[in-house]
């Protein structure tokens with residue numbers, strides 16, 4: 001990567017939602033998931049290089065809008081993402097996102113990308129990356145609770161990065177499970193629709209929860225879990241939005257992305273502040289053990305961290321450049337003299353700039 | 001405004017830097033400055049309606065990148081802005097910015113706009129708005145210290161919104177002052193280039209400082225100021241970046257935008273935490289006095305607050321809609337079933353989505 005070379009170009013590359021679809025279709029979803037997982041792992045291994053902070057959230061009655069900035073010495077990124085569970089009733093996605101990558105040396109934006117599809121990819125890639133060090137070796141059956149927009153990505157990431165063969169589906173909305181079945185027919189996965197959460201979870205190696213309600217839900221209770229299970233909790237990701245009961249957490253060894261954010265947003269928001277958790281990067285780096293024995297219950301209490309988007313943006317940017325996808329946006333003024341911003345307004349004389357037909361002013 | 005109507009359109013309006021220039025030329029700079037000042041005042045008068053926070057900054061050796069989010073019950077906005085004083089040596093602007101306005105009810109982005117030019121407009125509009133309640137009545141002479149990218153906007157805002165007739169210029173770089181003289185020739189302002197800060201300041205009604213160095217500079221010292229002056233301190237806006245000496249602040253009544261942010265970023269970062277300051281909205285609303293007598297020295301320690309960008313984005317959005325400027329961006333995936341994000345990838349069968357020519361993957 002040579003960001004500094006591109007920094008003098010003040011027109012960032014723009015990857016639209018349709019262009020991101022074309023990118024994934026060109027590379028193949030399996031290679032995208034494994035490529036993003038590799039980038040995330042590489043960035044988690046240099047955790048200490050990053051200027052990190054918990055995301056900034058503006059909460060409203062029906063949802064939340066968040067900004068997730070992060071930077072190392074050369075590259076800055078942020079993601080804009082919302083969470084509005086009632087959106088689907090209006091025909092809108094629950095989660096929509098976009099993001100920007102910029103050059104730290106100059107502050108110039110390099111890349112503006114859709115991140116709705118990319119967030120689904122990076123979330124699934126992170127889940128699989130965590131499960132590789134936390135799930136029982138030889139795991140082949142996964143329960144998938146919540147069959148909404150992100151569920152197919154979870155199923156395929158676990159199939160291709162972890163070797164899951166059977167996925168047991170449950171959703172309050174039978175149409176969501178039917179949609180998943182139709183979408184993944186021919187994927188090679190053995191898909192089974194279940195009548196209850198208990199039926200889906202019983203005997204599974206891995207339990208993935210990816211539900212969307214903004215309420216203190218308890219999707220998984222302690223009576224459902226069995227020794228040796230790994231729980232991949234994806235849907236509980238903001239204050240008041242949980243999926244696992246306190247009993248499940250108390251019975252498990254719990255791993256998170258970034259403690260200051262997860263204590264507020266994760267399922268561990270239910271637990272005391274000194275409840276012991278381990279950051280995933282410590283396990284990836286070999287500083288801390290992951291799963292310690294075959295009977296241990298492990299939980300990855302995932303909320304989504306800015307570093308995952310930083311890595312995903314890097315992957316999408318490099319891929320878009322390699323494939324020649326995207327277009328340039330004239331987001332910044334182009335000036336011969338950078339101190340002469342005012343000069344960009346001067347077409348003819350100054351008087352024509354100062355006064356114009358004021359009546360058309362929208363104010 | 002009827003944002004909820006547009007919220008179902010997932011393609012935000014995009015106003016590029018050239019389109020923003022066209023907008024300002026169409027409306028006229030004077031009407032833009034006064035329109036933005038009106039919007040800022042209207043939003044400051046409903047200060048308590050907003051979910052406010054100090055901006056989030058990622059500092060690096062040569063500069064800073066900041067995100068500035070804010071929201072009321074219906075509308076959310078944020079600005080991305082950098083500050084890199086050494087950029088001009090590379091032919092790049094010191095400050096570059098863009099921003100987004102979104103619908104709080106759904107989280108859908110409505111408007112993506114350049115904010116480099118717009119930031120200069122809103123900063124000047126805010127300065128003039130503050131000076132209206134803080135400067136001596138009948139002020140007609142302004143010293144303008146720092147003649148870079150924002151200086152012409154300050155000069156014109158004070159001319160048209162406050163009645164300033166004479167502007168005395170000083171910059172370490174004589175080329176910057178010459179550029180300002182050339183740009184504003186024919187504006188009706190009496191422009192005088194001065195040999196020193198002291199010469200520019202002596203006898204002025206208003207002193208505007210808009211310098212860019214990221215160092216604890218002292219542009220204005222206590223010996224330079226005279227009873228009755230109003231000091232509009234614009235350039236000191238992040239930790240370690242100041243323009244006024246502590247003596248100037250101690251001798252003055254100081255006004256700021258948002259105390260939690262200004263204590264960290266403003267010139268008052270030099271003062272103890274209990275140094276008395278007044279928030280501008282309190283004065284605009286009539287809760288607190290502004291200037292109390294003709295001999296009082298007043299300081300507007302401006303750092304730039306998210307609410308000013310919120311108001312400026314509203315102005316640019318309404319104006320762009322009224323003028324038919326801008327274009328739509330396909331930033332979000334368009335889906336018939338919002339739970340079927342995966343379906344956007346399915347062109348033909350699933351197997352063609354999973355595996356593709358992996359060798360072209362940039363990773």
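Chains as they are written, first to last, in our numbering: chain A, 1 to 363; chain B, 1 to 363. Glycine included, C-beta positions come from ideal geometry on N, C-alpha and C.
Neighbour flag for residue 162/B against chain A, beta carbons, 9 Å: no
For a test of the three-state rule: what should DSSP assign to residue 170/B, helix, strand or coil? strand
If you draw a straight line from the alpha carbon of residue 309/A to that of residue 349/B, how long is it in whole angstroms? 29 Å
Got a sec: is the Cβ-Cβ distance from residue 17/B to anything in chain A below 9 Å? yes
Taking the straight line between their C-alpha atoms, what separation do you get for residue 110/A and residue 326/B? 21 Å
Reduced DSSP secondary structure (H/G/I, E/B, other) of residue 59/A: strand
Return the chain-ordered ranges of every beta strand (DSSP E) run that is complete within the region 257-316 of chain B and spans a minimum of 3 residues. 277-279 and 298-301
Once DSSP output is grouped into helix, strand and coil, what is the label at residue 255/A? strand
Which residues in chain B sit within 8 Å of residue 24/A, going by Cβ to Cβ distance? 345 and 353
Determine the direct distance from the alpha carbon of residue 204/B to that of residue 141/B, and round the result to whole angstroms. 5 Å
Hey, how far is the Cα of residue 137/B from the Cα of residue 16/B? 39 Å
Contact list for residue 69/B against chain A, beta-carbon separation under 7 Å: 56, 58 and 67
Take residue 169/B as the anchor and find which of 161/B, 155/B and 193/B has the nearest alpha-carbon. 193/B
Cα-Cα separation, residue 244/A to residue 78/A: 29 Å
For residue 190/A, the three-state DSSP class (helix, strand or coil): strand
Output needed for residue 152/A: all residues of its chain with C-beta closer than 7 Å, excluding positions within five of it in sequence on either side, in chain order. 180, 183 and 184
Under the three-state DSSP convention, the category residue 241/A falls into: strand
In the DSSP output, which residue or residues are listed as bridge partners for residue 152/B? Answer is none; residue 152/B lacks a bridge partner.
Using a Cβ-Cβ cutoff of less than 6 Å, which residues in the same chain neighbour residue 200/A once the five nearest sequence positions on both sides are dropped? 143, 168, 170 and 194
Enclosing beta strand (DSSP E) for residue 250/A [first to last residue]: Here residue 250/A belongs to no beta strand (DSSP E); instead the alpha helix (DSSP H) covers 246-250.
Continuous alpha helix (DSSP H) stretch holding residue 117/A: start and end: 116-134
Where does residue 226/B sit, in a helix, a strand or coil, going by DSSP? coil
Which class does residue 217/A belong to by DSSP, given the choice of helix, strand or coil? strand
Please confirm whether residue 118/A and residue 97/A have their CB atoms less than 9 Å apart. yes
Anyone know if the C-beta pair for residue 94/A and residue 212/A falls short of 9 Å? yes
State the beta-bridge partners of residue 17/A as determined by DSSP. Paired residues: none, contrary to the question.
Where residue 279/B falls, given that 16 or more other Cβ within 10 Å makes a residue buried: buried
Spatially closest choice to residue 242/B from 116/B, 217/B and 229/B, by CA coordinates: 217/B
C-beta atoms of residue 329/B and residue 11/B nearer than 9 Å: yes
Under the three-state reduction of DSSP, which class applies to residue 86/B: helix, strand or coil? helix
Can you tell me where the alpha helix (DSSP H) with residue 29/B in it begins and where it stops? 29-44
Work out the CA separation of residue 275/A and residue 337/B for me, nearest whole Å. 40 Å
Taking residue 238/A as the reference, which of 223/A, 270/A and 246/A has the closest Cα? 270/A
If contact means a Cβ-Cβ distance below 9 Å, which residues of the region 28-40 of chain A contact chain B? 28, 29, 30, 31, 32, 34, 35, 36, 38 and 39
Are the C-beta of residue 64/B and some C-beta of chain A separated by less than 9 Å? yes
Reducing DSSP to helix, strand and coil, say where residue 353/B ends up. helix
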